[in-house]
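Enquirer: My questions will all concern the structure given below.
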Amino acid sequence: MSTDTSPKAAFNPEDMTGRRQLTIWQRLGSSNTLWVGVILIGLLLAFSILHPATFPTLENIQQLLIQLSLLLLLSVGMTFVIITAGIDLSVGTVLIFSGVVSGLVMQSLGGGDATNDGAGPILIGLVVAIAAGGAWGLLNGLLIAYANVPPLIVTLGSFGAALGAADLLTDGSDVRTVPTALHNTVGLGTWYYVPYLVIIVVVITLFFGWLLHTTKFGRYTYAVGSSPEAARRVGIPVKKQLVWVYLLTGLLAGVAGFLSYAYYGTTTITSHTTDNLNAISGVVLGGTSLFGGSGALLGSVFGTFIPQVLKTGFIVSGIPQFWQPIAVAIVLVAAVWFDQRRRKTRNR
């Protein structure tokens with residue numbers, strides 16, 4: 020991904036040192052975020068009015084939130100990456116690989132066996148999933164930051180390698196021996212009708228929203244995306260920051276792989292290969308610029324909601340779901356076009 024290093028796009032060092040005070044809304048969003056939120060609310064209301072007996076039901080909302088949550092973890096990491104003017108095409112297959120490795124480890128420890136279905140295999144499986152995702156993220160970050168290989172090429176290679184490794188480990192078959200305790204609690208359990216899986220993802224998203232918008236790590240991330248050279252001149256370790264950002268994205272993909280396995284009860288090897296594009300679409304729809312240096316996690320949340328709402332709405336409307344990617348593509352291209360227009364207006 021190219022980086023705009025023009026003076027008007029370069030970051031202000033005062034933003035990093037925290038001397039310039041920002042409002043809560045400036046930290047969490049922007050006018051783009053507001054408009055995306057309005058569009059999302061409009062879609063929810065439209066489908067609810069058109070199909071009051073099927074769309075706004077408790078079961079449908081639970082399913083929508085669960086599907087959104089798994090994708091949102093990838094979108095959270097993708098937000099950090101795109102703010103640095105990078106891209107990560109590997110998150111979907113890293114999710115698959117992490118779920119496969121975690122499932123195999125839990126299976127070898129007796130997870131799924133009624134006589135040995137305790138917390139031990141589950142906790143070890145979680146650690147393994149996070150470590151597996153983090154390993155791919157670390158590899159991506161090192162190659163991008165220190166070998167100077169473009170992010171598009173590195174993560175495209177990781178996309179194929181992670182999927183191939185998952186197929187090699189399982190001979191192309193899904194791992195289905197999920198621990199019953201994991202499936203019934205984290206996977207299917209609810210708290211006052213809210214799925215535990217959704218609660219977990221909300222907590223993780225809030226933490227990374229805090230990390231991006233209120234900490235030095237977040238300010239460094241924006242600085243690297245705005246102007247790597249300017250960031251380097253004020254003492255920011257640009258290469259290390261890039262490694263940390265891609266590592267973070269891999270870790271989140273690992274968590275998503277574990278949660279997906281917990282919910283579906285299988286690794287679903289063939290079901291996540293387009294999650295990378297869906298995550299990128301959600302982040303860009305939410306107002307994060309592909310040119311780096313700007314974006315907000317709240318916008319990514321709204322943007323990730325839109326494809327899922329369209330998919331669910333099309334299903335209950337009887338519209339073939341093949342129209343969903345077409346609708347998302349139109350909105351995505353429009354979002355990028357508006358972003359370019361906004362940048363040109365700002366740089367005049």
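For the sequence shown, the numbering used here assigns the number 20 to the initial residue and increments by one for each residue that follows.
Virtual Cβ for every residue (Gly too), placed ideally from N, Cα, C.
For clarity, every value in this text was computed on a predicted model and none was experimentally measured.
(1) For my contact list, G118 and Y280 are in at a C-beta cut-off of 8 Å; report their separation, rounded to the angstrom.
(2) Starting from the C-beta of G153, find all residues in its chain whose C-beta is less than 7 Å away, skip the five residues before and the five after it, and write them out in chain order.
(3) Measuring straight from C-alpha to C-alpha, what distance separates G301 and G322?
(4) Determine which residues share a DSSP beta bridge with P214 and list them.
(5) Using CA atoms only, rank isn't needed, just tell me which of I349, F357, F333 is closest to S67.
(6) Going by DSSP, what residue range makes up the alpha helix (DSSP H) through P247?
(7) With burial defined as no fewer than 16 other Cβ atoms inside 10 Å of the residue's Cβ, what is the status of A348: buried or exposed?
(8) From L77 to V253, what distance separates their C-alpha atoms?
(9) For a quick check, are the C-beta atoms of L304 and A242 less than 9 Å apart?
(10) Looking only at C-alpha atoms, which of V335, L329, S308 sits nearest to Q343?
(11) Counting pairs of beta carbons, one from the stretch 185-193 and one from the stretch 283-294, are three or more of them closer than 8 Å?
(12) Per DSSP, what kind of secondary structure is Q40 in: helix, strand or coil?
(13) Apart from the five residues on each side of it in sequence, which residues of its chain come closer than 8 Å, Cβ to Cβ, to S74?
(14) Please list, in chain order, all residues of the same chain as T293 whose beta carbon is under 8 Å from its beta carbon, the five residues on each side excluded.
(15) Could you check the C-alpha separation between K235 and W229 for me, to the nearest Å?
(16) Under three-state DSSP, which class holds N167?
(17) Using the three-state DSSP reduction, which class does S308 fall into: helix, strand or coil?
(18) Taking 8 Å as the limit between beta carbons, can you name the residues of its chain near I223, skipping five residues before and five after?
(19) Pull up the distance between the alpha-carbon of G208 and that of N159, whole angstroms please.
(20) Nearest to S313 by alpha carbon, out of L261, L69, H202, I101?
(21) In this structure, does DSSP put I80 in helix, strand or coil?
Expert: Judging by the given coordinates:
(1) 4 Å
(2) L266, G269, L270, G273
(3) 4 Å
(4) T209
(5) F333
(6) 247-252
(7) exposed
(8) 52 Å
(9) no
(10) L329
(11) yes
(12) Because Q40 sits at a pLDDT of 42, beneath the cut-off of 50, its placement in the model cannot be relied upon, and the point is left open.
(13) At residue 74 the sequence reads Phe, which differs from the Ser that was named. Contacts found: F66, S67, T331, G332, V335.
(14) G111
(15) 11 Å
(16) coil
(17) coil
(18) L92, V95, L271, V274
(19) 35 Å
(20) I101
(21) helix
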